[in-house]
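Protein chains in written order, with the UniProt record's numbering: chain R, 1 to 293; chain X, 1 to 257. Built from N, CA and C at the ideal position, the CB exists for glycine as well. Following: one structure in structure tokens, then a few remarks.
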Amino acid sequence: MIETASLPARAGLGFKPQHAAAILGDRPDIGFFEVHAENYMGAGGPPHRMLAALGALYPISLHGVGLSIGGEGPLDAAHLARLRALVERSRPASFSEHLAWSTHDGAFLNDLLPLPYTPATLDRVVHHVDTVQQTLGRPMLIENPSTYLVFSESTIAEVDFLAAIAARTGCGLLLDVNNVMVSAVNHRLDPFLYLDRFPVEHVGEIHLAGYDETVDGAGDRLLIDAHGTPVAADVFALYRHALGRTGPVATLIEWDNAVPDFPTLHAEARRVDAALDAERARRNAALRVGVAA
Amino acid sequence: MNPVSQGAFAAALLDRGDAVPAGLAGRNGAADPLRLAVYRNNVRVGLARALAARFPVTARLVGDAFFRLMADAYVDDRRPASPLLAAYGDDFPDHVAGFPAAAGLAYLADTARLEAAVSRAYHAADAAPLGLADLAGLAGPELGLARLTPHPAAFLIRSAHPVGSIWRTHQKETVTAPDWRPETVLVVRPDLDVGVHLLPAADAGFAAALLDGTPLGSAAEAALAADPDFDFGRALTGLTTLGAFARAVIPGENDDQ
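Written out as structure tokens, the structure is:
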């Protein structure tokens, strides 16, 4: 397997075409940009040109939402071929996808749907990740999901399921800290405990986002992974805790709905860069104390 | 334990009822329709939003609530055939044409057809358009036999309604009422920008014939027979300059290109 460039340990932003002039013209100091793979799989046109121009200026994180890695059926060969062509064309620093499924019986359902965690589903996901990595000739990252329901048939904890995928396929993991908070609140789990059990040695990127809040049928708090607001304070605190374990790592701010103007996104990126700098400083100080002792 | 197949999960997402498949639980193991509704909502709202993004003028003409009804009915019938949402809704205009509540809005389906063409042009393969210099190289007899290959981003919408004017005025904040007459619209993208051009009425049949692969001579004869004011040179130069064609093919010489 060919080792490829990795993302810088900086804040990154999702690339939105409405910000193309601000980004390509002003070249703001952003660590990297993420694009959703499926938006750049048309035959040609402005999306291809924008991606080429963006890739000439910044490292690209290519993030798929349509491979259906957790699907019961085989991977869609046509989609995999489109992905391979896009990877060859755009030379991203990273390619990531979700521990989820989105296609069934030839129909794309346009959501990241949950799967039960069992030895059988683990074998299936491992097989799919192997196929993707062989097709692309490079390792990928798999992202932990946000979930609203659990399967009574599940026998494996999510962190163990993810650790097993990474161990068996050699893939890396994308730690979505907002998803950790959303799932933890929804299933009454401790998000800090989840992070403390997460196999951080495989983390190649972190995602942050804003959540929405509603209530479930019992009237209890239910968080929705909504990507339409700034990162919540509790998620940011969880992020600092995660950095303490992972060390400084590329961190994307996801803001896909009610997208604000570019300066607002840039300010969020500065907040994340400051947290990354603080973690670097903390580690350097700890090292100095260690040397002095 | 109750294993939940993805077929059962998918069916529950698309069903209009609120049954939760056994084996899917919320907190304390209880089935909770409100939790399943989060996924249902993501699917339905997401697909309706994809249609609204592709058909913004159609949505503006009928308002968000009415458009949502049409989109919901479409989502009931058609799921995306691939994760490329830009292609979702290729046949949404036909759905609009057959949507009973929109029967009184005869121009609506053609407006959606124009919008579908605009987004297809945006994502079409890049190609250098045929230029006037390429046409000038064709000798007289060859010219009549030549067929012009449509540019990958060229689409023609012939409507009994002023769809081009409707589309144009809805690109602005203030909408003005168009003159109510049939229009033929050529959608092109010779380079980066999608162009939406109203063709002279006399050129409509000629443009349609050429884009269907009719040789230039036969297309010109038919256009002249239909309208004595048809001007072959002006029409051909105009369509070519707009970027309607990719190349000229002369039978027997370069039709294998």
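- For S146 (chain R), the three-state secondary structure derived from DSSP is coil.
- As a beta-bridge residue in DSSP terms, V249 (chain X) pairs with X:R147.
- Secondary structure of E183 (chain X) (DSSP, three-state): strand.
- Taking C-beta separations shorter than 7 Å and ignoring five residues to either side along the sequence, the partners of F198 (chain R) in its chain run V159 and L175, following chain order.
- Nearest CB-CB separation between E153 (chain R) and chain X: below the 8 Å threshold.
- For S165 (chain X), no Cβ of chain R is located within less than 8 Å of the residue's own Cβ.
- Taken through DSSP and simplified to helix, strand or coil, Y88 (chain X) comes out as coil.
- Among the residues facing chain X, W255 (chain R) is not included, as its CB has no counterpart in that chain under 8 Å away.
- The beta carbons of G64 (chain R) and A100 (chain R) sit no closer together than 8 Å.
- Of all residues in the stretch 99-110 of chain R, those with a C-beta nearer than 8 Å to a C-beta of chain X are W101, S102, T103, H104, D105, G106, A107, F108, L109 and N110, reading in chain order.
- Between the stretch 88-104 of chain R and the stretch 21-31 of chain X, the count of C-beta pairs closer than 8 Å stays below three; the two stretches do not touch.
- For I69 (chain R), the three-state secondary structure derived from DSSP is coil.
- In this structure, DSSP gives N178 (chain R) a helical state, which the three-state scheme calls helix.
- For the 8 Å CB-CB criterion, A285 (chain R) and A9 (chain R) do not form a contact.
- Interface with chain X (8 Å Cβ-Cβ cutoff): H79 (chain R) is included.
- Ranked by Cα distance from I142 (chain R), the options R:H128, R:A157, R:H98 and R:P116 are led by R:H98.
- Linking G42 (chain R) to P33 (chain X) through their CA atoms gives a straight-line distance of about 37 Å.
- For the stretch 174-187 of chain R, the set of positions with a beta-carbon nearer than 9 Å to some beta-carbon of chain X reads N186 and H187 in chain order.
- Between D220 (chain R) and chain X, the shortest Cβ-Cβ separation is below 8 Å.
- It is roughly 58 Å from the alpha-carbon of L132 (chain X) to the alpha-carbon of L276 (chain R).
- Contact between Y117 (chain R) and S154 (chain R) holds, since their C-beta atoms are separated by about 4 Å, short of 8 Å.
- Judged by their CB atoms, V182 (chain R) and L208 (chain R) are not nearer to each other than the 8 Å cut-off.
- One finds nothing in chain R with a Cβ atom closer than 8 Å to the Cβ of Y74 (chain X); even the nearest lies about 13 Å away.
- Here the alpha carbons of I156 (chain R) and P119 (chain R) stand approximately 8 Å from one another.
- Exposed is the label assigned to W180 (chain X), since fewer than 16 other Cβ atoms lie within 10 Å of its Cβ.
- In this structure, the straight-line span from the alpha carbon of D256 (chain R) to that of V43 (chain X) is close to 16 Å.
- Segment contact: the stretch 217-226 of chain X against the stretch 176-196 of chain X, fewer than three CB-CB distances shorter than 8 Å; contact not assigned.
- Residues of the stretch 38-60 of chain R with a Cβ closer than 9 Å to any Cβ of chain X, in chain order: E38, N39, M41, G42, A43, G44, G45, P46, P47, H48 and R49.
- Around L186 (chain X), no beta-carbon contact reaches into chain R at under 9 Å, the shortest distance being about 17 Å.
- Against chain R, the beta carbon of R79 (chain X) has neighbours under 8 Å at A107, F108 and L109, listed in chain order.
- If you draw a 10 Å sphere on the C-beta of E38 (chain R), you find 16 or more other C-beta atoms in it, and that means buried.
- With distances taken between CA atoms, V129 (chain R) lies nearest to R:G170 out of R:R49, R:G170, R:G244 and R:G247.
- Boundaries around A209 (chain R) are those of the beta strand (DSSP E), V203 to A209, since no alpha helix (DSSP H) includes it.
- At a cut-off of 8 Å between beta-carbon atoms, E72 (chain R) makes contact with chain X.
- Annotated three-state conformation of I165 (chain R) is helix, per DSSP.
- At a cut-off of 8 Å between beta-carbon atoms, Q171 (chain X) makes no contact with chain R.
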